[in-house]
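If you read the protein sequences in the order shown, they are chains W and C.
Positions 1403 to 1524 (our numbering) are the ones given, in order, by the first sequence.
Positions 52 to 158 (our numbering) are the ones given, in order, by the second sequence.
From the three backbone atoms N, C-alpha and C, an ideal C-beta is built for every residue, glycine too.
Being a predicted model, the structure only gives us computed values, none of them experimental.
So the structure is just underneath, and the comments pick up after that.
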Amino acid sequence: QLQLRESGSGLVRPSQTLSLTCAVSGGSISSEGFSWNWLRQAPGKGLEWIGYIYHTGNSYYNPSLKSRVTISVDTSKNQFSLTMTSVTAADTAVYHCARGYYTNYVPHFDSWGPGTLVTVSS
Amino acid sequence: DIEMTQAPSSLSASVGDRVTITCRASQSINTYLNWYQLKPGKAPKLLIYDASTFQSGVPSRFSGSGSGTDFTLTITSLQREDFATYSCQQSYITPYTFGQGTKLEIK
Chain W
1403 QLQLRESGSG
1413 LVRPSQTLSL
1423 TCAVSGGSIS
1433 SEGFSWNWLR
1443 QAPGKGLEWI
1453 GYIYHTGNSY
1463 YNPSLKSRVT
1473 ISVDTSKNQF
1483 SLTMTSVTAA
1493 DTAVYHCARG
1503 YYTNYVPHFD
1513 SWGPGTLVTV
1523 SS
Chain C
52 DIEMTQAPSS
62 LSASVGDRVT
72 ITCRASQSIN
82 TYLNWYQLKP
92 GKAPKLLIYD
102 ASTFQSGVPS
112 RFSGSGSGTD
122 FTLTITSLQR
132 EDFATYSCQQ
142 SYITPYTFGQ
152 GTKLEIK
């Protein structure tokens, strides 16, 4: 059974860089036909999709965050990572990683990590 | 971006009840609509994809319907483990967007 688990900095100072990693187990991140996604949920708000990457390294980001976000993949470690620069309090959220599973070329998020809380505060 | 609006935002119900949650898209999304169950501290769970297709392992008391802009998630005979937050999400076009969530509470 596929499992994902997020790890990384829980407290980030304003204007600094947030870095998170998603470790994938029970399956290979190099398998064809999947995307590897980052999402977040700020307190009291709905989920927000941040972006995805394929095992090939091709990535796509939410335009609202594109200027500050980079998603990378390390197939040798079976993990992928999120970097977000110039964070503010508005970036305080629970961050989840998730696998995108495609049917008819359209994804749904079928496996998720439990999430990790990132707080932006001085 | 496509805006997803859920109703109600919260709902109180009893074990054994039938409940319906609605999700409306700001433009047509065909049937590219997914439903998730969210619980604090746990991995979100995919319930329904493509508006009405059950994810493997999801109890049959959950069902989804709709197309275009209007969708529903129905839970028949509520169980205690069903009290959670439910969120719809469109996969029609990027950026993928979610509803604000419906919190289902025990009456």
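For the set C:125, C:60, C:83, C:130, the Cα lying nearest the Cα of residue 1507 (chain W) is the one of C:83. Listed along chain C, no residue sits closer than 9 Å to residue 1445 (chain W) by beta-carbon distance, the nearest being about 11 Å off. Taking the Cα positions, residue 138 (chain C) is about 31 Å away from residue 1418 (chain W).
Its chain contains 1405 as the residues whose beta carbon lies nearer than 6 Å to that of residue 1427 (chain W), once the 5 sequence neighbours on both sides are disregarded; these appear in chain order.
Shown here for residue 1490 (chain W): same chain residues with a beta carbon closer than 7 Å to its own, the five before and five after excluded, namely 1416, 1522 in chain order. Buried is the label assigned to residue 1520 (chain W), since at least 16 other Cβ atoms lie within 10 Å of its Cβ.
In its chain, beyond the 5 residues on either side, 61, 62, 63, 64, 134 have a beta carbon closer than 8 Å to the beta carbon of residue 156 (chain C).
Residue nearest to residue 80 (chain C) within the set C:94, C:153, C:100, C:90 is C:100 (criterion: CA-CA distance). Exclusion of the five residues before and after residue 1494 (chain W) leaves 1521, 1522 as the residues of its chain whose Cβ lies within less than 6 Å of its Cβ. Taking a beta-carbon distance threshold of 8 Å, residue 1515 (chain W) counts as an interface residue toward chain C. At a beta-carbon threshold of 9 Å, none of the residues of chain C lie near residue 1438 (chain W); the nearest stands roughly 14 Å away. For the alpha helix (DSSP H) assignment, the stretch 78–154 of chain C encloses no uninterrupted run of at least 4 residues.
The beta-carbon of residue 95 (chain C) is placed less than 8 Å from the nearest beta-carbon of chain W.
With contacts defined as CB atoms closer than 8 Å, residue 140 (chain C) and residue 87 (chain C) qualify as a contacting pair. Closest option to residue 124 (chain C), judged by alpha-carbon separation, among C:91, C:59, C:95: C:59.
In the DSSP assignment, residue 1509 (chain W) forms a beta bridge with W:1504. Sequence-distant Cβ neighbours of residue 102 (chain C) in its own chain, meaning closer than 7 Å and more than five residues away, are 82, 84, 115, 116, 117, 118, 122.
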